[in-house]
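> Would you mind keeping the following structure in view while I ask a few things?
This is the structure:
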């Protein structure tokens, strides 16, 4: 009797684990998360990787088609801010006014103080190369066209590392 109940318990555990066997799907977060599941909505999913820590908050901003507005104070067309809550990668949805050309900027406020500090990170659509002397890429280097079928925009976070700005290296040195 004890053996059959052990087998039943193992079968129950195996059946429960089978539900987790599929590929992991990143949860889309932020105030606009629902917009990314609506095929008719002008929205884009931003897949952000390489956070230095899972602390602080992340601000994702979309700028419209006017290059003069790119990174200008208050000129973004949509901004979403979310806490990291221990995550090292994140998918954020941005609801946009319409389909068209946009530049996406991401800032990791590592200590959640609302200010830009040397330990904070940043990234842009199309992942341009940054340096201490070139922190603001040209609009032409980051602009993406958002359509109904636009895949997620990948953004790798960059952080100050000595005298350079680059994505964090993992334990393997990559």
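Numbering (the working numbering), first residue to last: 133 to 306.
Heads up, the beta-carbon is just placed ideally off N, CA and C, and yes, glycines get one too.
#1: Relative to the C-alpha of residue 259, which candidate in 237, 279, 246 and 265 has its C-alpha closest?
#2: Identify every run of the alpha helix (DSSP H) within the stretch 252 to 282, keeping only runs that are complete inside it and at least 4 residues long; order them along the chain.
#3: On the three-state DSSP scale, how would you describe residue 229?
#4: Taking the CB atoms as reference points, tell me whether residue 242 and residue 252 lie closer together than 8 Å.
#5: Hey, would you say residue 274 sits closer than 8 Å to residue 176, going by beta carbons?
#6: Out of 280, 222 and 226, which one is the CA nearest neighbour of residue 185?
#7: Which residues does DSSP pair with residue 292 in a beta bridge?
#8: Starting from residue 181, follow the beta strand (DSSP E) in both directions and report where the run begins and ends.
#9: I'd like to check one pair, residue 234 with residue 172: are the Cβ atoms closer than 8 Å?
#10: Label residue 170 either buried or exposed according to how many other C-beta atoms from any shown protein chain fall within 10 Å of its C-beta, with 16 as the threshold for buried.
#11: Per the DSSP calculation, residue 212 is bridged to which residue(s)?
#12: Going by DSSP, what residues sit across from residue 235 in a beta bridge?
#13: Can you say whether residue 266 is buried or exposed, counting buried as having 16 or more other CB atoms within 10 angstroms of its CB?
#14: Assign residue 255 to buried or exposed, taking buried as 16 or more other Cβ atoms, counted over all protein chains shown, within 10 Å of its Cβ.
#15: Would you identify the three-state DSSP class for residue 169, choosing helix, strand or coil?
#16: Going straight from the alpha carbon of residue 213 to that of residue 228, what length do you get?
#17: Using the three-state DSSP reduction, which class does residue 241 fall into: helix, strand or coil?
This is what the structure gives:
#1: Comparing Cα-Cα distances from residue 259 to each of 237, 279, 246 and 265, the minimum goes to 237.
#2: Along the length of the stretch 252 to 282, whole alpha helix (DSSP H) runs at least 4 residues long occupy 271 to 274, reported in chain order.
#3: Here residue 229 sits in coil by DSSP.
#4: When the beta-carbon positions are compared, residue 242 and residue 252 come within less than 8 Å of each other.
#5: No, Cβ-Cβ distance for residue 274 and residue 176 is not below 8 Å.
#6: Residue 222 is the option with its Cα nearest to residue 185.
#7: Secondary-structure assignment with DSSP links residue 292 through a beta bridge to 297.
#8: Per DSSP, residue 181 is one residue of the beta strand (DSSP E) stretching across 175 to 181.
#9: No, they are not a contact pair.
#10: With fewer than 16 other CB atoms across the displayed protein chains lying within 10 angstroms of its CB, residue 170 is exposed.
#11: DSSP output for residue 212 lists 192 as bridge partner(s).
#12: Note: residue 235 sits in a beta bridge opposite 195 and 275.
#13: Exposed, by the Cβ-count rule.
#14: Residue 255 is buried by the Cβ-count criterion.
#15: Of the three classes helix, strand and coil, the one that applies to residue 169 here is helix, per DSSP.
#16: Rounded to whole angstroms, residue 213 to residue 228 spans 15 Å at the Cα level.
#17: Three-state DSSP puts residue 241 in a strand.
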